[in-house]
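Working notes for the structure below.
Number of protein chains: 2
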Amino acid sequence: MSSEKHLGRGSSFPTLPDDGKLVLLSMRFCPYAQRVHLVLDAKGIPYHTIYVNLTNKPEWLTQKSPLGKVPALELANEPGRPTIYESLVVCEYLDEKYKTRPLLPKDPLQKARDRILIERFNQVISSMYKVFLQGLDSGPGSLTDIVQGLDLYEKELKNRDTPFFAGKEPGMLDYMIWPWCERADMLEYLVGNKYEMDQDRFPKLIKWRSQMKSDPAVQKTYLSGETHAKYIQGRRIGAPDYDMLV
Amino acid sequence: MSSEKHLGRGSSFPTLPDDGKLVLLSMRFCPYAQRVHLVLDAKGIPYHTIYVNLTNKPEWLTQKSPLGKVPALELANEPGRPTIYESLVVCEYLDEKYKTRPLLPKDPLQKARDRILIERFNQVISSMYKVFLQGLDSGPGSLTDIVQGLDLYEKELKNRDTPFFAGKEPGMLDYMIWPWCERADMLEYLVGNKYEMDQDRFPKLIKWRSQMKSDPAVQKTYLSGETHAKYIQGRRIGAPDYDMLV
Chain E
1 MSSEKHLGRG
11 SSFPTLPDDG
21 KLVLLSMRFC
31 PYAQRVHLVL
41 DAKGIPYHTI
51 YVNLTNKPEW
61 LTQKSPLGKV
71 PALELANEPG
81 RPTIYESLVV
91 CEYLDEKYKT
101 RPLLPKDPLQ
111 KARDRILIER
121 FNQVISSMYK
131 VFLQGLDSGP
141 GSLTDIVQGL
151 DLYEKELKNR
161 DTPFFAGKEP
171 GMLDYMIWPW
181 CERADMLEYL
191 VGNKYEMDQD
201 RFPKLIKWRS
211 QMKSDPAVQK
221 TYLSGETHAK
231 YIQGRRIGAP
241 DYDMLV
Chain W
1 MSSEKHLGRG
11 SSFPTLPDDG
21 KLVLLSMRFC
31 PYAQRVHLVL
41 DAKGIPYHTI
51 YVNLTNKPEW
61 LTQKSPLGKV
71 PALELANEPG
81 RPTIYESLVV
91 CEYLDEKYKT
101 RPLLPKDPLQ
111 KARDRILIER
121 FNQVISSMYK
131 VFLQGLDSGP
141 GSLTDIVQGL
151 DLYEKELKNR
161 DTPFFAGKEP
171 GMLDYMIWPW
181 CERADMLEYL
191 VGNKYEMDQD
201 RFPKLIKWRS
211 QMKSDPAVQK
221 TYLSGETHAK
231 YIQGRRIGAP
241 DYDMLV
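Sequence order for the protein chains is E and W. With the UniProt record's numbering, the residue at position 188 of the first sequence is 188, and numbering never jumps. With the UniProt record's numbering, the residue at position 128 of the second sequence is 128, and numbering never jumps.
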């Protein structure tokens, strides 16, 4: 069950069936929330989704998520229905708690390496958002920063010599960086043909992106570059249209 | 074995005994590096320390730590002697790899809760550093932000009703927030008697701080508020004296 619209100020917390399923507080265009959807979907964990209007936040939001942020996951199957938040914390919790299709490597060193790559991707994210929100007004350096940031991931895929970072199937690292890689497709709508992934520089990443798009978990939340661009254009003018897909 | 002085530009990477011990690249006053010292010391893992001058960085630093940062841990007992970095990643790696005295809770939910508290402490850290580096010029709000940020930890200790966050002994959460709690003692040197921990507001945290100071792992790296203040005063004028204790 999903709330169709994003619930905002004045809304009541929806009545959900008493079925013990996890409850994910999400926002349809939030890349951090998408991380949690991807892990839940990849592991086949059943859950309810409640979409939250982050501009006019519901009064009940901070009772569920103390910082008023999404994603937050209510553990309806635990005593007191506690909520956990912070996307990486939630994703690792799910991977530890639910043994189906482990997403993180078992080996502590490989796990550390993947966590470092997830951490370092924050730099790519921050360069991307400069361009998403300010276009080329963010300076010519931002596109260069994105491309230079991605070199590390191209090299890593080449060294690993597997279709996905985790091997034959996507794993935690693949899913944790995916939401922003999906959103990279909006660059052509935001900055036109000034941006294109260089085939010679990123052969592995281009193939990886194409294969990720066919992944069943990715397909469950996938939105086109055009749709993402439409949302971000609303954000740019301070009027994000959370319900544009409803 | 530890390098006494902080090695800088022009230095060679020290020749270490070929004993398979981990090699920690550190800086004597870096709170993030202290996190890794605390975990290594608490778990009784033998290691070498190499102190690094972060102003005039040694040429070899980025070979060991790609972002040129400390802490970085060279795994001399692994093929190719790989290095891992990012303090939390390194600390969790150590806790997973070395089974002596586990520091993180085994239960995924309790582990997620502790990770959230470690993550949220970043807000306290950023308020503290405003005061450390700018004193009360950072605005009267920064001291208030610190105190309000700490309320969460007081409440948590009270709810847990144990001397340490982890129970009878310090655990990962205790050690991950400790470096900044140790440095809070420098406030009396930096802003004088305008700062004091309120006995009525923070009875549990005050007791926790005092007990942490007696912890053997904490004692190995402990420095007084006066010493920390002296270092930070050097930083304020752009001339940190890394070797002031040598």
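Where is the CB? At the ideal position from N, CA and C, for every residue including glycine.
Per the DSSP secondary-structure output, W/GLY167 pairs in a beta bridge with W/PHE164.
Take W/LEU88, set aside five residues on each side of it, and no residue of its chain has a beta-carbon closer than 6 Å to its own. Remark: C-beta atoms of W/MET186 and W/ILE232 approach each other more closely than 8 Å. For the segment 217-239 of chain E, the set of residues with a beta-carbon nearer than 7 Å to any beta-carbon of chain W is empty. In the three-state reduction of the DSSP assignment, E/VAL52 falls in the strand class, which pools E and B. Look at the UniProt domain "GST C-terminal" (107-241) of chain W and you find no whole run of beta strand (DSSP E) that is 3 residues long or longer. Here the C-alpha atom of E/GLY141 lies approximately 35 Å from the C-alpha atom of W/ILE50. Residue contact with chain E for W/LEU25: absent (no Cβ-Cβ distance below 8 Å to any residue of chain E). Listed in chain order, the non-local C-beta contacts of E/TYR98 below 7 Å within the same chain comprise LYS43 and ILE45, local neighbours out to five positions each way being set aside. In this structure, E/GLU4 is the residue among E/LYS64, E/ASP198 and E/GLU4 with its C-alpha nearest to the C-alpha of E/ARG28. Any Cβ of chain E closer than 8 Å to the Cβ of W/LEU109 would place that residue at the interface, and such an atom is present. Of all alpha-carbon atoms in E/PRO31, E/LEU22 and E/GLU182, the one lying nearest the alpha-carbon of E/TYR93 is that of E/LEU22.
Rounded to whole angstroms, the gap between the alpha carbons of E/VAL39 and E/MET172 is 8 Å. Nearest to E/SER65 by C-alpha distance, out of E/THR221, E/PRO82, E/ARG113 and E/ILE177, is E/PRO82. DSSP places W/THR62 inside the alpha helix (DSSP H), whose first and last residues are 61-64. Ranked by Cα distance from E/THR221, the options E/GLY20, E/HIS37, E/ALA76 and E/GLU78 are led by E/HIS37. Boundaries for W/TYR85: no alpha helix (DSSP H) harbours it, while the beta strand (DSSP E) harbouring it runs 83-85, taken from the DSSP string.
The C-beta distance from E/ASP174 to E/PHE164 rounds to 5 Å, short enough to meet the 8 Å contact threshold. In terms of CA proximity to W/GLY167, W/ASP114 leads the group W/PHE132, W/GLN123, W/TYR189 and W/ASP114. Residues of the segment 40-65 of chain W with a C-beta atom less than 7 Å from some C-beta of chain E do not occur. Around the beta carbon of W/ASP145, a 10 Å sphere encloses 16 or more other beta carbons of the protein chains shown; the residue is thus reported as buried. Rounded to whole angstroms, the Cβ separation of E/ASN56 and E/GLY135 is 27 Å, and the two are not in contact under 8 Å. Here DSSP, grouped into helix, strand and coil, assigns E/ALA42 to helix. Chain order gives the chain W residues near E/GLU119 as GLU86 and VAL89, where near means a beta carbon separation below 8 Å. Spatial neighbours of E/LEU104 in its own chain (CB-CB distance under 6 Å, excluding positions within 5 residues in sequence) are listed in chain order as ASP95, LYS111 and MET172. Separation of the CB atoms of W/GLY149 and W/VAL131 is rounded to 12 Å, and the pair is thereby denied contact status at 8 Å.
Put simply, the CB of W/LEU75 is near chain E, with a gap under 8 Å to one of its CB atoms. Of W/ARG35, W/VAL52 and W/THR15, the smallest CA-CA separation from W/ASP243 is found for W/VAL52. Any Cβ of chain E closer than 8 Å to the Cβ of W/ILE116 would place that residue at the interface, and such an atom is present.
Ranked by how close their Cα comes to the Cα of W/PHE13, the residues W/SER26, W/GLN211 and W/LEU61 have W/LEU61 in first place. For E/ALA112, the nearest CB of chain W lies under 8 Å from its own CB, placing it at the interface with that chain. E/TYR98 carries a coil assignment under DSSP once its states are collapsed to helix, strand and coil. DSSP, reduced to helix, strand and coil, places W/GLU74 within a strand of the structure shown.
Here W/VAL89 is not bridged, per DSSP, to any residue. In summary, E/LEU67 is exposed, with fewer than 16 beta-carbon neighbours lying within 10 Å of its beta-carbon over all protein chains present. W/TYR47 is bridged by DSSP to W/LEU22.
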